[in-house]
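When we follow the numbering used here, the leftmost residue of the sequence shown carries the number 25, and every step to the right adds one.
All remarks here apply to the structure that follows.
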Amino acid sequence: MLVDRLHRFPPRYGPEWGSGGIFGLRYHKGVLYFTLAFEAEAHFIRSDGERVYRFQLVGGEPGPRSGGDTYNAVEVVDEYVYFGGWVHAPAIYGGRRGRGGIILFHNKFSHLHSYNVYEDEVKLLWSDTIRHESRWAGEISEIVYDPVNDRLVVARADGHEHLGIYSIDRRSGREELLSKDPGLKGCLYLDNACFDIMRDWRRGVEGVQCLDLITGEWIKQPVEDYSKISLDGYGVQWPLPGCAVSAYA
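Structure (structure tokens):
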């Protein structure tokens with residue numbers, strides 16, 4: 025049984041943030057998927073076995089990987105599990121600074137993979153990097169399937185460049201910028217793909233943006249005063265997003 029293959033993961037040393045936890049947990053067509061961050065291990069568990077993918081398709085160079093996903097970026101479509109995030113491929117240690125060590129960001133990639141549950145096969149669909157020592161390209165923090173145009177709409181707000189809402193073709197990996205306003209989390213609501221607007225993590229969520237999947241038009245609603253829409257009538261000091269989900273349809 026699948027449950028018999030579940031196990032614990034003891035803490036290990038991982039670059040940048042140390043040992044991480046389980047992200048992107050999703051059960052689809054008999055396969056349980058999750059990424060172990062910051063160990064850069066994607067696990068695909070089924071009743072008759074387990075595949076562990078260590079992000080060797082990203083970067084093209086040998087060496088230990090670090091990262092994976094820290095935003096639960098996962099979507100399922102037909103026989104595919106799409107998972108995204110970021111990964112150091114390979115990790116570059118910059119030596120000791122003070123009481124700790126540092127990691128350089130030259131090899132930090134944003135990524136989007138597909139896993140075929142029927143073929144038990146992982147493919148790299150898309151990746152991006154800016155090859156900078158301390159700055160990085162926007163991480164994939166959300167994946168929303170667009171059933172009207174048969175594409176993936178992804179959110180990118182955590183980073184310094186290449187931020188916004190993008191579409192990525194499910195077959196070719198071709199990307200297209202849809203909105204220059206960065207977003208961290210989102211979900212499908214009726215015929216709309218809705219995301220938060222977060223231009224600066226220090227300011228937090230500044231509004232909501234929704235893409236009409238049929239017309240391609242955006243509706244953007246800023247939130248200037250949270251006290252006017254909160255249930256208790258009070259404001260918010262640091263409005264950060266959690267999970268996004270459609271409450272009703």
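No residue lacks a Cβ here, since even glycine has one placed at the ideal position from N, Cα and C.
Remember, it's a predicted structure, so these values are computed and weren't measured experimentally.
Grab the span of the beta strand (DSSP E) containing residue i for me, first residue to last.
| i | result |
| --- | --- |
| H274 | The displayed coordinates of the chain run from 25 to 273. Any statement about residue 274 would go beyond what the structure contains. |
| F219 | N216 to I221 |
| Q233 | G231 to D236 |
| S251 | That residue, S251, is in no beta strand (DSSP E); it is neither H nor E in DSSP. |
| R78 | Premise fails: R78 is in no beta strand (DSSP E) and is neither H nor E. |
| C211 | G210 to Y213 |
| W262 | From DSSP, W262 is part of no beta strand (DSSP E); its letter is neither H nor E. |
| H67 | E65 to R70 |
Going by C-alpha distance, which of the options is nearest residue i?
| i | options | result |
| --- | --- | --- |
| V146 | R75, R89 and G119 | R75 |
| V168 | F58, G118, V269 and I46 | V269 |
| W262 | W242, L214 and D224 | D224 |
| C267 | I127, Y77 and S165 | S165 |
| L56 | F62, E63, L81 and I46 | I46 |
| A64 | V82, S251 and I192 | V82 |
| V229 | G240, D220, I69 and L235 | D220 |
Just to check my reading of the structure: residue i and residue j have Cβ atoms closer than 8 Å, yes? What is that Cβ distance to the nearest angstrom?
| i | j | result |
| --- | --- | --- |
| S203 | Q233 | 6 Å |
| K209 | P265 | 5 Å |
| R155 | P114 | Incorrect: roughly 14 Å between the Cβ atoms, too far for contact. |
| E163 | Y95 | 7 Å |
| L214 | S191 | About 18 Å separates the two Cβ atoms, so there is no contact after all. |
Please indicate yes or no: does the CB of residue i lie closer than 7 Å to some heavy atom of the ligand MN?
| i | result |
| --- | --- |
| W262 | Absence of the ligand MN is noted for the structure shown, with no ligands found whatsoever. |
Do the stretch 180–191 and the stretch 155–167 touch if we need at least three Cβ pairs shorter than 8 Å? Flag = yes, the stretch 180–191 and the stretch 155–167 touch.
With a threshold of 8 Å, are at least 3 pairs of Cβ atoms found where one atom belongs to the stretch 104–118 and the other to the stretch 133–140? A contact between stretches requires three or more CB pairs, one per stretch, nearer than 8 Å, and the stretch 104–118 meets this requirement with the stretch 133–140.
Contiguous beta strand (DSSP E) assignments of at least 3 residues, all confined to the stretch 110–168: Whole beta strand (DSSP E) segments, 3+ residues: 116–121, 124–128, 132–140 and 145–152.
Spell out a yes or no on whether the stretch 82–102 and the stretch 43–59 are touching, meaning 3 or more CB-CB pairs, one atom from each, closer than 8 Å. Segments in contact, yes.
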